[in-house]
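Residue numbering for the sequence shown is 1 to 516, as defined by the UniProt record's numbering.
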Amino acid sequence: MEFVTAEQMREVDRYTIQEIGIPAIVLMENAGRAIADEVVRLVMQRKDSLAGERWLVLIGKGNNGGDGLVCARHLTDAGIPVTLVYAVAPDQLGGEAAVQQRIVEALDLPRIVYADEAEGIPDMRSYTGIVDALLGTGTKGAPRGVYASLIVEANSSGLPIVAADIPSGLDADTGAVYDPCTQAELTVCLAFLKAGLTQYPGAKAAGEVVVRYIGIPPWLPAGLEGAGVVLTEESLESELGLDAGRCRAPDGHKGTYGHVLLAAGSLPMSGAGLLAAKAALRAGCGLATWALPASLLPHMLGAVPELMLAPIADGGIGAWDSAAADEVLRLLAARDVLAVGPGLGRFPGEAEFLRALWEGAPRPLVVDADALGILAAAGGLTAWKRRDAATILTPHPGEMARLAGLTTAEVQRDRIGLARRFATEHGVTLVLKGARSVIAASDGQVYVNVTGHPGMATGGSGDVLTGIIAAMLAQGLDAVQASAFGAYLHGLAGEQAAAARSNPASLLAGDIIEAL
């Protein structure tokens with residue numbers, strides 16, 4: 001499923017109307033009917049008939065308001081009495097919305113004009129539901145005046161709210177929510193999913209999201225530069241050419257599925273390396289070797305019988321040093337991919353160690369956790385040359401903030417845009433972790449993963465993801481395929497692991513591995 005920005009949606013609308021020749025009034029009619037259909041569906045999920053329903057439709061000035069007028073007409077036809085509440089005087093509506101206004105006037109639908117607050121806000125609690133058709137994708141910034149008052153009252157009513165295209169007060173590109181922002185139970189997204197609905201907090205404000213066809217050709221986003229893709233089993237196969245079922249060749253052997261090398265773990269974080277290594281094996285690589293400080297070896301022997309251990313001299317302190325890079329590179333010569341960072345710790349000579357791996361590793365490289373902190377402290381990617389081999393960075397928002405020289409809040413305000421800019425600027429594949437992880441390719445293509453569970457917010461979950469992505473690389477996937485498929489499988493395993501527990505709050509990172 002593709003998602004688009006507000007600007008891309010404007011171009012889709014323009015092309016559909018001007019180049020293909022589908023009239024804008026037809027698109028508006030289809031949009032309003034789709035919203036009405038979803039209102040009826042929502043009501044019928046809860047009761048046997050539409051009897052007793054009375055809905056308010058909040059009408060804004062733009063095309064979103066026009067969609068609301070069409071919706072009101074179709075709800076009336078379906079047997080649901082509707083009252084229109086305008087944020088502007090009806091004679092201020094323009095374009096196709098003005099045409100729809102003349103129709104509802106001819107039908108004499110009940111209305112409350114609230115443009116100058118003369119009539120006051122109706123008691124919304126005397127109705128049974130609200131359609132929010134106030135503000136659309138073209139709006140930026142916090143709602144003000146009458147718009148803000150109507151949103152606040154709607155949110156306070158306790159009634160189910162159905163948003164037309166996006167909730168009013170939500171940034172269609174970033175998912176940022178302004179104050180106030182409609183808190184919808186259902187959002188009927190028109191034609192294509194909007195980027196802001198894929199990210200929190202926008203995803204929470206939108207509630208359930210349904211995408212409805214309104215006559216715009218579904219293939220149009222394919223021609224738009226930068227249109228994103230939501231990861232599903234279908235899109236993994238159609239957009240990325242992957243076998244989501246992870247089938248294996250009948251004549252395959254362990255060498256067929258690659259060999260992962262992990263440089264990870266230190267005192268007291270040896271478990272991070274163990275989780276990443278075990279996840280790599282569960283994710284299907286044929287072999288895995290864990291390079292670790294030698295003093296940790298006695299504690300790890302036999303922890304995972306299938307895992308090979310490569311002790312690196314550490315002087316008995318359980319930490320890495322810059323000289324260890326040569327040994328890691330020697331090991332890598334007989335392996336297919338290197339993952340570095342989980343539980344690595346911080347140590348004297350850390351920058352020299354990581355730079356040696358960065359510049360000397362001829363294989364795909366996954367950089368996570370402490371290695372990202374080292375990278376940021378050493379000047380970030382602007383101070384390091386581009387690698388020839390595939391490079392994947394997997395930061396959480398705090399790590400991303402340090403890499404980009406931003407605050408965590410700034411990262412979270414525009415996750416998709418930041419990930420895209422960072423990946424293209426530095427020639428890497430970026431996995432910006434969190435709820436709704438963003439995978440950005442160096443060519444600007446962006447994917448959003450929607451699998452996952454709140455129970456996965458636990459120590460070690462990111463280490464598991466590192467192991468999974470490394471395993472995908474070892475099995476021959478390219479950097480974008482490995483990152484996207486890895487994030488999808490990681491979230492799916494988290495969902496399954498959480499479902500198997502009586503309380504998802506008890507979920508451990510190891511449970512995710514066992515669900516792979």
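Yeah, the Cβ is synthetic: ideal placement off N, Cα and C, and Gly gets one too. Computed from a predicted structure; not experimentally measured.
A378 vs F353 beta-carbon contact at 8 Å:
Numbered from its first residue, the sequence shown carries residue 378 at position 378. Numbered from its first residue, the sequence shown carries residue 353 at position 353. No, Cβ-Cβ distance for A378 and F353 is not below 8 Å.
Closest to A339 by CA distance: which of A148, V113, P362 is it? Your numbering for residue 339 matches position 339 in the sequence shown. Comparing Cα positions, the closest option is P362.
Next on the checklist: Are the CB atoms of D123 and A163 within a distance shorter than 8 Å?
Outcome noted: By 1-based counting over the sequence shown, the position of residue 163 is 163. By 1-based counting over the sequence shown, the position of residue 123 is 123. No, the pair does not count as a contact, with Cβ atoms beyond the cut-off.
Rounded Cβ spacing between T289 and M308 (contact assumed at less than 8 Å)
Along the sequence shown, one-based indexing puts residue 289 at 289. Along the sequence shown, one-based indexing puts residue 308 at 308. Correct: roughly 4 Å between the Cβ atoms.
- For V88, name the three-state secondary structure that DSSP assigns. To locate residue 88, count along the sequence shown from 1; it is residue 88. Three-state result, V88: coil.
query: Using 8 Å as the Cβ pair cut-off and three pairs as the minimum, do the stretch 194-209 and the stretch 55-72 touch?
result: no
Per DSSP, cross-strand counterpart(s) of R111: Start at 1 with the first residue of the sequence shown, and residue 111 comes out as number 111. Beta-bridge pairing links R111 to L84.
To test your reading of the DSSP string, which unbroken beta strand (DSSP E) runs of 3 or more residues are found completely within the stretch 394-454? 429-432, 438-440, 446-449
| task | Along the beta strand (DSSP E) that carries C189, what are the first and last residues, could you check? | result | Locating residue 189 in the sequence shown gives position 189, counting from the first residue. It spans 186-190 - the beta strand (DSSP E) in which C189 sits, taken as one unbroken run.
So, using beta-carbon positions, are A291 and L331 closer together than 8 Å?
Taking the first residue of the sequence shown as 1, we reach residue 291 at position 291. Taking the first residue of the sequence shown as 1, we reach residue 331 at position 331. Yes, the pair counts as a contact, with Cβ atoms nearer than the cut-off.
Q. Just how far apart, CA to CA, sit T394 and M300?
A. In the sequence shown, the residue the question calls residue 394 occupies position 394. In the sequence shown, the residue the question calls residue 300 occupies position 300. Distance between the alpha carbons of T394 and M300: 25 Å.
query: So which of K278, E233, A457, G417 has the shortest CA-CA distance to E306?
result: Numbered from 1 along the sequence shown, position 306 holds the residue referred to as residue 306. Scanning K278, E233, A457, G417 for the CA closest to the CA of E306 turns up K278.
State buried or exposed for S483, treating a residue as buried only when at least 16 other CB atoms are found within 10 Å of its CB. Start at 1 with the first residue of the sequence shown, and residue 483 comes out as number 483. When all chains shown are included, S483 counts as buried.
message: Quick check on T256: buried or exposed, where buried means 16 or more other Cβ atoms within 10 Å of its Cβ?
response: Residue 256 sits at position 256 when you count from the first residue of the sequence shown. It is exposed - the Cβ of T256 has fewer than 16 other Cβ atoms within 10 Å.
Spatially closest choice to Y488 from V450, E514, A509, by CA coordinates:
For the purposes of this step, residue 488 is taken as the residue at position 488 of the sequence shown. For Y488, the closest alpha carbon among the candidates V450, E514, A509 is that of V450.
Worksheet item: Can you tell me whether W358 is buried or exposed, with buried defined as 16 or more other CB within 10 angstroms of its CB?
Response: For this step, residue 358 is matched to residue 358 along the sequence shown. By the 10 Å Cβ count, W358 comes out buried.
key: Local conformation of I214 per DSSP, three classes   = Counting from 1 along the sequence shown, the entry for residue 214 is found at position 214. Residue state, collapsed to three classes: coil.
Next item on the list: Pull up the DSSP beta-bridge partners for H259, would you.
Entry: To locate residue 259, count along the sequence shown from 1; it is residue 259. H259 has L287 as its beta-bridge partners, per DSSP.
| message | Closest to T466 by C-alpha separation, out of H490, I312, D478, Q475, would be which residue? | response | Taking the first residue of the sequence shown as position 1, residue 466 is located at position 466. Nearest of H490, I312, D478, Q475 to T466, Cα basis: H490.
I need the straight-line Cα distance from T408 to P397, nearest angstrom please. Position 408 of the sequence shown, counted from the start, is the residue given in the question as residue 408. Position 397 of the sequence shown, counted from the start, is the residue given in the question as residue 397. Roughly 6 Å between the two C-alpha positions.
- Can you tell which of A227, A474, A283, R420 has the C-alpha that lies nearest to the C-alpha of D336? Position 336 of the sequence shown holds residue 336. It is A474 whose Cα lies nearest to the Cα of D336.
Candidates D478, I103, G273: which alpha carbon is nearest A509's? Within the sequence shown, numbered from 1, the residue matching residue 509 stands at position 509. Distances from the CA of A509 to each of D478, I103, G273 were compared; the closest alpha carbon is that of G273.
- Which stretch, first to last residue, makes up the alpha helix (DSSP H) that contains E234? Within the sequence shown, residue 234 is the residue found at index 234, counting from 1. Residues 233-240.
query = Within the chosen definition, does the stretch 417-429 reach the stretch 210-217 through at least 3 CB pairs nearer than 8 Å?
reply = no
For A172, does the three-state DSSP call read helix, strand or coil? Taking the sequence shown and counting its residues from 1, one reaches residue 172 at position 172. A172: coil per DSSP, three-state reduction.
Identity of the residue in Q481, P504, Q445 nearest G241 by Cα: Taking the sequence shown and counting its residues from 1, the one referred to as residue 241 is at position 241. Out of Q481, P504, Q445, the CA that lies nearest to the CA of G241 is found in Q481.
Am I right that A470 and V260 are in contact with their C-beta atoms under 8 Å? What's the rounded C-beta distance? For the purposes of this step, residue 470 is taken as the residue at position 470 of the sequence shown. For the purposes of this step, residue 260 is taken as the residue at position 260 of the sequence shown. Contact holds; Cβ gap of about 5 Å.
| Using the beta-carbon count (16 or more within 10 Å), is I80 buried or exposed? | As a working note, residue 80 is residue 80 in the sequence shown. I80 is buried by the Cβ-count criterion.
Check: Grouping DSSP H, G and I as helix and E and B as strand, with all else coil, what is P504?
Finding: Position 504 of the sequence shown, counting from 1, holds the residue named residue 504. Helix, per DSSP.
Assuming G265 and L296 are in contact, meaning their beta carbons sit under 8 Å apart, how far apart are those beta carbons, in whole angstroms? The residue you call residue 265 lines up with position 265 of the sequence shown. The residue you call residue 296 lines up with position 296 of the sequence shown. Going by Cβ atoms, the distance from G265 to L296 rounds to 6 Å, so yes, they are a contact pair.
Cutting at 8 Å between CB atoms, please list the residues of its own chain near V57, excluding the five before and the five after it.
As a first step, residue 57 must be located in the sequence shown, where it is residue number 57. Leaving aside the five residues that flank V57 on each side, the residues in its chain whose CB is nearer than 8 Å to its CB run, in chain order, G68, L69, C71, A72, L75, V82, T83, L84, V85, I130, V131, A133.
Threshold first: 4 residues or longer. Then list the alpha helix (DSSP H) segments lying entirely within the stretch 30-79, N to C.
Qualifying alpha helix (DSSP H) stretches, in chain order: 63-78.
query = Taking the alpha-carbon positions, what's the L190 to L220 distance?
reply = Translated into positions along the sequence shown, residue 190 becomes position 190. Translated into positions along the sequence shown, residue 220 becomes position 220. If you take the alpha carbons of L190 and L220, they lie about 14 Å apart.
**Message:** Between the alpha carbons of L344 and D370, how many angstroms are there, rounded?
**Reply:** Counting from one through the sequence shown, the residue named residue 344 turns up at place 344. Counting from one through the sequence shown, the residue named residue 370 turns up at place 370. In a straight line, the C-alpha of L344 is about 6 Å away from that of D370.
Using C-beta distances below 7 Å, list every residue in its chain close to Q92, excluding the 5 sequence neighbours before and after it, in chain order.
What you label residue 92 is simply residue 92 of the sequence shown in a count that begins at 1. So the qualifying residues of the chain are K61.
CA-CA distance, G196 and I112?
Within the sequence shown, the letter at position 196 stands for residue 196. Within the sequence shown, the letter at position 112 stands for residue 112. Their Cα atoms are separated by approximately 31 Å.
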